[in-house]
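Using the numbering used here, the final residue of the sequence shown is 1047, and nothing's skipped along the way. Everything on this sheet refers to the single structure shown next.
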Amino acid sequence: YSDATGLAPVKPAEISLVPGDTRMEFVDAPILQSVDDSLGYYFAIAGASGAWKGAQIELSVDGGANYISSTISSGLAIIGDTTTAMGNHRAEVPDYTNTVRVQLISQGVSLEPATLAEMLNRKNRAIIGDEIICFSGATEVGEGLWDLSVFLRGRLHTTPAAHAIGERFVLLETAFVPFAGAEIYQIGDDFTFRATSLNSATQTTITETFDALSQTEPPPGFLRTRCRKDNT
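Here is the structure:
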């Protein structure tokens, strides 16, 4: 005989099988690695659903009337948006003044802190708006909500700027932010991208201007002069 009582059953968490929308970011920026030294651009995609497995990416150069190329990508980039403003700061010295909070949409991802040496070696390189930065401090303060601090600003000769709430944040990990080649005649054209989540008919469309920043020459970083005896 036993008078033990059991525990009430617990309803398991609901798991969505709907892939949902694909978020796509077009990144027209200086090259992130020397192997990409050609005319082109980067793109990043992510989904807000745990069932998201990737997307079919199509490109149109006539405003979406016709799509001329298509690729399947399953690379889950770390994408989000700023939820606080971020002040400007000069690029020549580390930014110990500003902080910024970002809300990630990517599921099952996290950010890590980095030392100054690691930042100088490309760790935690990201783009906020159109400015490429590196960040040192990363603290999660809520689900997918991160406070970032201590920055290297204006990386890859991008222009440091103040950033408003709602600007894009993309972690520029080359394994998840692929490079796509382009043609010279496409410089200045509007590119329309259609991202269709795999196993779904859900589509996202964006249009961006291709300015070919991958082939922008950086300013001189080292100069040497040599004087001959005849002063020529």
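Heads up, the beta-carbon is just placed ideally off N, CA and C, and yes, glycines get one too. Note that this is a predicted model, so its numbers are computed, not measured.
| query | result |
| --- | --- |
| Where does the unbroken beta strand (DSSP E) through L986 begin, and where does it stop? | R983 to L986 |
| Taking one C-beta from the stretch 864–871 and one from the stretch 957–970 each time, how about it: are there three or more such pairs within less than 8 angstroms? | no |
| In chain order, what residues of the same chain lie with their CB nearer than 7 angstroms to the CB of Q1030, ignoring the 5 residues before and after it? | L854 |
| Measuring alpha carbon to alpha carbon, tell me which residue in T989, D877, Y882 and S921 is nearest G895. | S921 |
| Pick from A863, G865, V842 and L967: whose alpha carbon is nearest that of A932? | L967 |
| For D962 and R937, I'd like the C-alpha separation in whole angstroms. | 19 angstroms |
| Buried or exposed for Y856, please, with buried defined as at least 16 other CB atoms from any protein chain shown within 10 angstroms of its CB. | buried |
| Using CA atoms only, rank isn't needed, just tell me which of E982, E1032 and R1041 is closest to V917. | E982 |
| Can you give me the C-alpha to C-alpha distance between A929 and K1044, rounded to a whole angstrom? | 50 angstroms |
| List the DSSP bridge partners of T1057. | Any question about residue 1057 goes unanswered here, given that the chain covers just 816 to 1047. |
| Which residue spans inside the stretch 908–952 form an unbroken beta strand (DSSP E) run of at least 3? | 910–919 and 940–943 |
| Could you tell me which residues DSSP puts in a beta bridge with I1021? | F1008 |
| Please classify P975 as buried or exposed, where buried requires at least 16 neighbouring CB atoms within 10 angstroms. | buried |
| Name the one or two DSSP bridge partners that I872 has. | T886 and A1010 |
| Would R940 be called buried (16 or more neighbouring beta carbons within 10 Å of its own) or exposed? | buried |
| Have a look at P824, L926 and V842 and flag the residue whose alpha-carbon is nearest the alpha-carbon of D945. | V842 |
| Taking P834 and S864 to be in contact with their CB atoms under 8 angstroms, please state how far apart those CB atoms are, rounded to whole angstroms. | 6 angstroms |
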